[in-house]
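Residue numbers (numbering that gives the first Met the number 0), protein chains in the order written: chain E, 0 to 238; chain U, 0 to 238; chain A, 0 to 238; chain W, 0 to 238. Comments concern the structure below.
4 protein chains.
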Amino acid sequence: MRGTRKALPLPRRAAAELVGTGALVAVIVGSGIQATGLSQDVGVRLLANSLASAIGLGLLIALFAPVSGAHLNPVVTLSAWWTGRRTPGALNGREVSLYIGAQLAGAVAGALLAEAMYGRAPGGWSTLTRSGGHLLLGETVATAGLVLLVQGLDRIGRARLAPLAVAAYIAAAIWFTSSGSFANPAATVGRSLTDSFTGIAPASLPGFIAAQFLGGLLGAGLAALLYGGRPPAGSHVPQ
Amino acid sequence: MRGTRKALPLPRRAAAELVGTGALVAVIVGSGIQATGLSQDVGVRLLANSLASAIGLGLLIALFAPVSGAHLNPVVTLSAWWTGRRTPGALNGREVSLYIGAQLAGAVAGALLAEAMYGRAPGGWSTLTRSGGHLLLGETVATAGLVLLVQGLDRIGRARLAPLAVAAYIAAAIWFTSSGSFANPAATVGRSLTDSFTGIAPASLPGFIAAQFLGGLLGAGLAALLYGGRPPAGSHVPQ
Amino acid sequence: MRGTRKALPLPRRAAAELVGTGALVAVIVGSGIQATGLSQDVGVRLLANSLASAIGLGLLIALFAPVSGAHLNPVVTLSAWWTGRRTPGALNGREVSLYIGAQLAGAVAGALLAEAMYGRAPGGWSTLTRSGGHLLLGETVATAGLVLLVQGLDRIGRARLAPLAVAAYIAAAIWFTSSGSFANPAATVGRSLTDSFTGIAPASLPGFIAAQFLGGLLGAGLAALLYGGRPPAGSHVPQ
Amino acid sequence: MRGTRKALPLPRRAAAELVGTGALVAVIVGSGIQATGLSQDVGVRLLANSLASAIGLGLLIALFAPVSGAHLNPVVTLSAWWTGRRTPGALNGREVSLYIGAQLAGAVAGALLAEAMYGRAPGGWSTLTRSGGHLLLGETVATAGLVLLVQGLDRIGRARLAPLAVAAYIAAAIWFTSSGSFANPAATVGRSLTDSFTGIAPASLPGFIAAQFLGGLLGAGLAALLYGGRPPAGSHVPQ
């Protein structure tokens with residue numbers, strides 16, 4: 000797929016990252032607002048929110064992987080850049096910056112779109128504090144698992160399963176980690192702009208984002224330990 | 000698949016659109032009535048209704064795509080007609096009319112069948128008003144996403160995933176959009192004939208249907224922006 | 000697969016039908032008892048029961064199709080016999096009798112096993128009356144849809160999708176039909192032997208079973224209408 | 000896949016069994032704690048817990064099958080050893096011991112990690128007694144079904160479906176068996192170390208583990224009865 004990916008102009012790839020991350024955040028935030036309005040049981044709310052979020056992520060990866068690689072997540076972009084940094088034709092620093100910028104812009108736009116769809120005044124901050132060491136441990140575990148999964152599928156030659164596998168992973172991780180498994184710095188920033196079920200107060204951003212990068216490193220380390228050596232050249236883009 | 004599709008006589012294709020759209024509306028309306036009778040929690044009701052509706056849609060697309068293309072939706076029929084209008088052998092105006100007529104007739108029959116299965120007197124109108132700009136925004140987003148998905152899968156050569164992908168999309172869109180993601184003018188008309196969980200008052204039809212067509216245009220525009228140019232000839236039928 | 004199927008001795012095929020139908024009924028009845036004990040909300044009970052039942056059916060079809068065809072249902076056995084009655088090597092009358100006998104014996108054993116697993120005294124009758132014309136209409140629709148699905152997948156050359164598609168269908172049909180979608184005379188008989196969530200009073204058996212056979216005929220008729228002519232020889236066994 | 004598996008050094012395979020079993024128990028225990036905190040309805044709790052556990056198991060089998068075979072369960076390891084004991088290159092006694100040791104160590108670590116993620120003091124015993132003949136019957140049925148499924152997929156040449164099929168099986172078995180379908184002696188030991196929704200009191204361990212080994216024997220017997228003879232050499236590792 001690198002051939003395909005490199006053949007596409009950078010602006011279109013950045014547009015895919017922007018639209019994709021925006022759609023992802025709109026799905027997460029929108030389904031959280033809907034679920035809160037409909038159910039009295041927080042477990043039912045999270046069931047609906049986790050299933051919708053997982054499906055949205057899986058479909059977006061399937062649709063946009065051939066365009067931009069469908070990173071939709073700065074941790075994935077940085078991981079792809081690091082893994083491929085000595086491979087000709089891999090992401091360079093300028094592309095990494097543009098991808099991450101597009102992801103952040105998309106995440107903010109997605110949160111505002113979700114607010115507008117529910118007739119809420121967009122632009123307020125979340126008041127939902129998420130702090131405490133055990134939540135940061137949960138977020139580290141969530142992101143480590145995500146990176147281990149993406150890199151593991153790549154190492155065993157099953158990267159084409161990524162849409163299904165990553166979607167399923169997120170659905171489970173939202174339940175088994177204590178943090179709700181944000182596992183995505185761009186989406187985390189976007190979610191600070193909604194005062195609803197899936198929001199996160201701005202003061203909690205630094206801890207969560209740091210935990211996500213730490214988890215990404217741990218996941219990459221685990222992948223190296225279990226699968227050995229470097230991944231096969233040219234196959235680091237989840238598709 | 001065009002060869003297969005064109006080889007079939009038009010009446011049989013129209014019958015597939017009628018039976019398919021009827022079954023789809025019967026599944027949506029029937030599962031909504033069942034869920035309302037069983038659960039006290041509206042979130043649980045929508046979980047059951049969204050899962051049943053998504054499964055029904057996916058199976059119907061799989062079963063009827065080789066017969067009629069399994070549009071089951073005027074927006075999809077018009078989108079297929081517009082995309083293929085300069086391609087020999089694509090849908091012509093008469094076929095479009097017959098498809099849409101069959102979809103509308105099927106949708107009405109499906110709603111009446113669902114009412115009869117639950118021992119309710121068929122033929123009443125829904126009293127469930129669905130209005131407000133934010134709902135129309137939700138419905139526009141829902142339909143834009145559907146068309147982007149269908150056209151996107153086609154552009155990347157994965158149209159065979161449509162049954163699974165469209166089903167999954169609808170399950171998520173019912174949750175993340177504020178409108179309940181009707182995303183189908185024929186089904187919307189059919190759902191005006193049931194005064195139950197999934198109904199829509201006749202007065203709300205014009206707004207919803209306008210939003211659906213607007214969303215269809217936006218989705219096609221997004222697909223052109225992200226995938227570029229026109230789709231490959233001969234591949235516009237979801238299969 | 001016919002080659003494979005005919006190569007196996009009849010007793011082993013009958014054993015597969017017995018074990019398979021028994022496991023299916025144990026899954027249906029057992030998950031219904033569990034769900035009733037755990038949840039106060041009948042909608043949640045049916046969500047769990049429908050998902051477990053669908054998964055069980057799909058896995059059993061996948062596992063036993065290469066052995067016996069995995070009919071697990073007299074309607075499917077009779078439909079396969081009728082469809083293939085002029086095809087050399089298809090099921091003959093004696094095999095049909097043995098299959099149906101094994102399915103009935105398995106269904107009874109499965110219900111008793113489920114009762115025993117929950118520490119209930121096996122052998123009582125269900126007291127859950129399921130009657131009324133609208134329920135019989137629901138049961139007819141449920142079985143018609145099942146037969147249309149099985150035969151349709153066969154006609155379009157996708158019979159290998161049967162485990163997934165039939166499982167998904169049952170999960171949806173339990174919700175959209177008013178009758179709970181028994182759609183299987185053997186399982187219906189077995190379920191008369193449990194006085195629990197998924198039971199059916201013996202007095203309601205004749206109506207349900209008649210509706211199932213009527214639905215089977217309607218489904219076969221719809222398949223002939225939509226797909227035309229007879230199915231391809233040698234492909235009538237869902238696999 | 001044997002080629003692949005045997006090519007890998009034993010320590011790395013043991014690491015995969017340890018990490019995999021640890022992650023599995025962390026998913027089971029963590030999602031149980033989360034669900035208990037969020038929902039008032041025990042049915043909703045088990046829905047979330049069963050779906051998360053099933054997804055976790057499926058992804059771990061997919062990721063680690065090429066490394067270690069992804070047994071993650073002493074019953075599966077012993078079954079693979081017994082089935083392949085006369086096949087050159089199959090697991091030997093030392094490997095069996097190391098696998099089971101790694102599984103036990105991983106299971107304990109996974110339970111402690113889950114407790115830590117939720118800010119609970121790790122290291123206490125479960126107080127949840129699970130006893131009674133009907134529960135042991137349930138656990139026997141659960142493990143028999145698991146082994147029949149794994150061996151059956153192998154006999155019919157569909158072992159590559161194991162990640163999806165085993166995950167789906169566990170989701171259903173948690174609901175249809177009375178015991179909660181532990182079906183894994185290592186995970187059972189790990190779950191004695193959490194006083195939460197998915198725990199099991201140490202006093203209940205012997206009964207459950209005995210039932211699991213009995214179920215494993217029954218499942219292997221059923222597979223031999225239904226599929227006949229011995230499985231094809233070289234294909235006993237689920238992948």
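By construction, the Cβ of each residue, glycine as well, lies at the ideal position given by its N, Cα and C atoms. Just so you know, these numbers come straight off a predicted model, no measurement behind them.
Query: At a CB-CB cut-off below 8 Å, which residues of chain U make contact with Arg44 of chain E?; Result: Gly42
Query: With a threshold of 8 Å between beta carbons, is Ile32 of chain W in contact with chain A?; Result: no
Query: Between the beta-carbon of Thr193 of chain W and the beta-carbon of Ser125 of chain W, is there less than 8 Å?; Result: yes
Query: If we cut at 8 Å on Cβ distances, does Val188 of chain U have a partner in chain E?; Result: no
Query: What's the C-alpha gap between Gly92 of chain U and Ser52 of chain E?; Result: 39 Å
Query: Enumerate, from N- to C-terminal direction, the unbroken alpha helix (DSSP H) stretches of 4 or more residues contained entirely within the region 78 to 134 of chain A.; Result: 92 to 116
Query: Starting from Leu224 of chain U, find everything on chain E with Cβ-Cβ shorter than 9 Å and list it in chain order.; Result: Arg11, Ala14, Val18
Query: Name, please, each residue of chain U whose Cβ falls closer than 8 Å to the Cβ of Ser38 of chain E.; Result: Asp40, Val41, Gly42, Val43
Query: Going by alpha carbons, who is nearest to Gly198 of chain E out of E:Pro65, E:Ala101, E:Gly109, E:Ala104?; Result: E:Gly109
Query: So, under 8 Å CB-CB, Gly42 of chain U and Val28 of chain E are touching, yes? Tell me the CB distance rounded to an integer number of Å.; Result: Not a contact, Cβ separation roughly 17 Å.
Query: Since Gly220 of chain A meets chain U, which of its residues come closer than 9 Å, beta carbon to beta carbon?; Result: The contacting residues do not exist; Gly220 of chain A stays about 12 Å from chain U at best.
Query: Given that a residue counts as buried once 16 or more other Cβ atoms are within 10 Å of its Cβ, and exposed if not, what is His235 of chain E?; Result: With a pLDDT of 40 at His235 of chain E, under the threshold of 50, the predicted position of this residue should be treated as unreliable, though the coordinate-derived value follows. Classification for His235 of chain E: buried.
Query: Within 8 Å of any Cβ in chain U, is that where the Cβ of Ser180 of chain A sits?; Result: no
Query: What are the start and end residues of each continuous alpha helix (DSSP H) run of 4 or more residues lying completely inside the region 0 to 68 of chain W, in chain order?; Result: 1 to 6, 9 to 37, 41 to 67
Query: For chain E, find out if any of its Cβ atoms is closer than 8 Å to the Cβ of Gly109 of chain W; answer yes or no.; Result: no
Query: Quick one: which chain U residues come within Cβ less than 7 Å of Gly151 of chain A?; Result: Leu62
Query: On a Cα-Cα basis, can you pick out the residue from W:Gln150, W:Ser130, W:Gly118, W:Phe181 that is closest to Leu135 of chain E?; Result: W:Gly118
Query: By the three-class DSSP mapping on this structure, what secondary structure does Thr193 of chain U have?; Result: coil
Query: State buried or exposed for Thr239 of chain E, treating a residue as buried only when at least 16 other CB atoms are found within 10 Å of its CB.; Result: Because chain E spans 0 through 238 in this model, residue 239 of chain E falls outside it and cannot be assessed.
Query: Cβ of Phe175 of chain A within 8 Å of Cβ of Ala14 of chain U?; Result: no
Query: Determine the chain U residues that contact Gly122 of chain E at a beta-carbon separation under 8 Å, and present them in chain order.; Result: Under the 8 Å cutoff, chain U gives no residues; its nearest Cβ is about 15 Å from Gly122 of chain E.
Query: Going by DSSP, what residue range makes up the alpha helix (DSSP H) through Phe181 of chain A?; Result: Note, Phe181 of chain A: premise wrong, no alpha helix (DSSP H); not H, not E.
Query: Residues of chain A with a CB under 7 Å from the CB of Ala115 of chain U: which are they?; Result: His133, Leu136
Query: Counting only beta-carbon atoms, is Ile173 of chain W nearer than 8 Å to chain E?; Result: no
Query: Classify Pro10 of chain E as buried or exposed, calling it buried when 16 or more other Cβ atoms lie within 10 Å of its own Cβ.; Result: exposed
Query: Is the CB of Leu58 of chain E under 8 Å away from at least one CB in chain U?; Result: yes
Query: For Arg12 of chain E, count the other beta carbons within 10 Å of its own beta carbon; 16 or more makes it buried, fewer makes it exposed. Which is it?; Result: buried
Query: At the 8 Å Cβ level, is Val95 of chain E part of the contact set with chain W, yes or no?; Result: no
Query: Taking 8 Å as the CB-CB cut-off, is Ala106 of chain W touching chain E?; Result: no
Query: Run down chain W in chain order and give the residues with a C-beta less than 7 Å from the C-beta of Ala143 of chain A.; Result: Result: empty, since nearest Cβ-Cβ is about 26 Å, beyond 7 Å.
Query: Give me the Cα-Cα distance between Arg1 of chain U and Ile60 of chain U, rounded to the nearest whole angstrom.; Result: Reliability fails at Arg1 of chain U, whose pLDDT of 37 lies under 50, so the model's placement of it is uncertain and the value that follows must be treated cautiously. C-alpha separation (whole angstroms): 15 Å.
Query: State yes or no: is the beta carbon of Leu213 of chain A nearer than 8 Å to at least one beta carbon in chain U?; Result: no
Query: Excluding the 5 residues preceding and the 5 following Thr139 of chain E in the sequence, name in chain order all residues of the same chain whose CB lies nearer than 8 Å to its CB.; Result: Ala210, Gln211, Leu213, Gly214, Leu217
Query: Output yes if chain A places a C-beta closer than 8 Å to the C-beta of Val75 of chain W; else output no.; Result: no
Query: Against chain E, does Val24 of chain W count as a neighbour if the rule is that its beta carbon must be under 8 Å from one of theirs?; Result: no
Query: I'd like the span of the alpha helix (DSSP H) that includes Ala164 of chain A, first residue to last.; Result: 161 to 175
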